Amino acid sequence: MRRTIESDFSLLTYYNAENNRARSLIGFQSRLEIAILAYNLAYCLERFN
1 MRRTIESDFS LLTYYNAENN RARSLIGFQS RLEIAILAYN LAYCLERFN
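Here is the structure:
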């Protein structure tokens, strides 16, 4: 389980979720949601192809 969590965090770092420089809370939420969406899409494409 630890390995799964660490790999997920490293992928979110790859999608630049750590360097979120939004100016508002809504901007922060939007950028974080985009990073998570990109991660989920990559996961689904890898798993189902």
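Using the UniProt record's numbering, you'd call the opening residue of the sequence shown number 1 and step up by one each time.
Cβ coordinates follow ideal geometry from the N, Cα and C atoms, glycine included.
All values derive from a computational prediction rather than experimental measurement.
Problem set entry | residue 32 vs residue 20 beta-carbon contact at 8 Å | yes
Exercise. Whose C-alpha, out of 12, 5, 29, is nearest the C-alpha of residue 41?
Worked result: 12
Exercise. Just the Cα atoms here: how many angstroms apart are residue 29 and residue 22?
Worked result: 9 Å
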